[in-house]
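Beneath this line is the structure, given in C-alpha cells, with notes to follow.
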Amino acid sequence: ADIAKKYRESPAVVHAIAAHHGDIEPESVEAVLIQAADAISAARPGARRETLENYIKRLEKLEEIADSFQGVDKSYAIQAGREIRIIVKPERVDDALASQMARDIVKRIENEMEYPGQIKVTVIRESRAVEYAR
Numbered sequence: 042a043d044i045a046k047k048y049r050e051s052p053a054v055v056h057a058i059a060a061h062h063g064d065i066e067p068e069s070v071e072a073v074l075i076q077a078a079d080a081i082s083a084a085r086p087g088a089r090r091e092t093l094e095n096y097i098k099r100l101e102k103l104e105e106i107a108d109s110f111q112g113v114d115k116s117y118a119i120q121a122g123r124e125i126r127i128i129v130k131p132e133r134v135d136d137a138l139a140s141q142m143a144r145d146i147v148k149r150i151e152n153e154m155e156y157p158g159q160i161k162v163t164v165i166r167e168s169r170a171v172e173y174a175r
C-alpha cells in the first residue's frame, strides 16, 4: 500500500491493497473482493512460494525415483515438478513394460513424496531408423 500511495494511486486502490491481508478493515466492495481472491489463491496447492532448496529437492527426488527403474536412460522433471518425462532404452523396455513402468513410478511417487496437486508421469520409448540417400 505504501508503494501505491507513493506513486499516487487512487485512495480506493491504496485501501484495497492495505486491506487485502486483513491488516485494516475493508471499507469498499473492491477491498472485500480482493480479500476473497487472495484467500482463494492462497488455498490453491502450490500457490505460495516454497524455498528454492525444497523445490530443488523435490525435482531431484522425482528424477531419482524414475532413474531407479531398470531400462531408464534419462528422466526430466519439468513444469515446476508437476510433470516428469522418462526416456527408456527401447532395446530393454517394450511397450507393455513402459506402460507398467509408468504405473509403478506413479505408485512410488505417491508413497514416497509429498507434493501439491498432481504429477503427470510420461514414459517415452522411441526407436529410430535412419538411412541416407546418396
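Residue numbers 42 to 175, in the numbering used here, belong to the letters of the sequence shown in order.
Even glycine gets a Cβ: it sits at the ideal position worked out from N, Cα and C.
Source: prediction; values computed, not measured.
Pick from the options that is closest to residue i, judged by C-alpha positions
i	options	result
Asp114	Asn95, Arg166, Ala170, Tyr96	Arg166
Asp136	Pro157, Lys148, Gly112	Gly112
Lys130	Glu124, Arg123, Met142	Met142
Leu103	Thr92, Leu93, Ala118	Ala118
Ser109	Arg149, Arg123, Ile65	Arg149
Gln159	Asp43, Val134, Arg123	Arg123
Gly63	Glu50, Asp79, Ala53	Asp79
Ala57	Tyr48, Arg49, Ala45, Glu71	Glu71
Ser168	Tyr156, Arg133, Ala53, Lys46	Arg133
Arg126	Glu172, Glu66, Ala59, Thr163	Thr163
Leu74	Thr92, Ala139, Ala53, Glu94	Ala53
Ser144	Ile128, Glu155, Val55, Lys161	With the sequence shown as reference, residue 144 is identified as Arg, and Ser is not the correct amino acid for it. Closest by alpha carbon: Lys161.
Tyr156	Lys46, Ala121, Ser51	Ala121
Cβ-Cβ distance between residue i and residue j below 8 Å
i	j	result
Glu153	Ile106	yes
Ala42	Ala59	yes
Counterpart residues of residue i in DSSP-defined beta bridges
i	result
Ser82	Partner(s): none; Ser82 has no beta bridge.
Thr163	Arg126
Ala118	Ile125
Val113	Val129
First and last residue of the uninterrupted alpha helix (DSSP H) at residue i
i	result
Lys130	Careful: Lys130 lies outside any alpha helix (DSSP H) and carries neither H nor E.
Ala45	43 to 47
Glu104	93 to 108
For residue i, the first and last residue of its enclosing beta strand (DSSP E)
i	result
Ala53	No beta strand (DSSP E) holds Ala53; the alpha helix (DSSP H) holding it covers 52 to 60.
With 16 other Cβ atoms within 10 Å as the buried cut-off, status of residue i
i	result
Ile65	exposed
Ile81	exposed
Ser116	buried
Distance cut-off 7 Å: residue i Cβ against heavy atoms of the ligand ZN
i	result
Ala77	Ligands displayed in this structure: none; no statement on the ligand ZN is therefore possible.
Cβ of residue i within 8 Å of any chain D Cβ
i	result
Arg99	The displayed structure is made up of one protein chain only, and chain D is not part of it.
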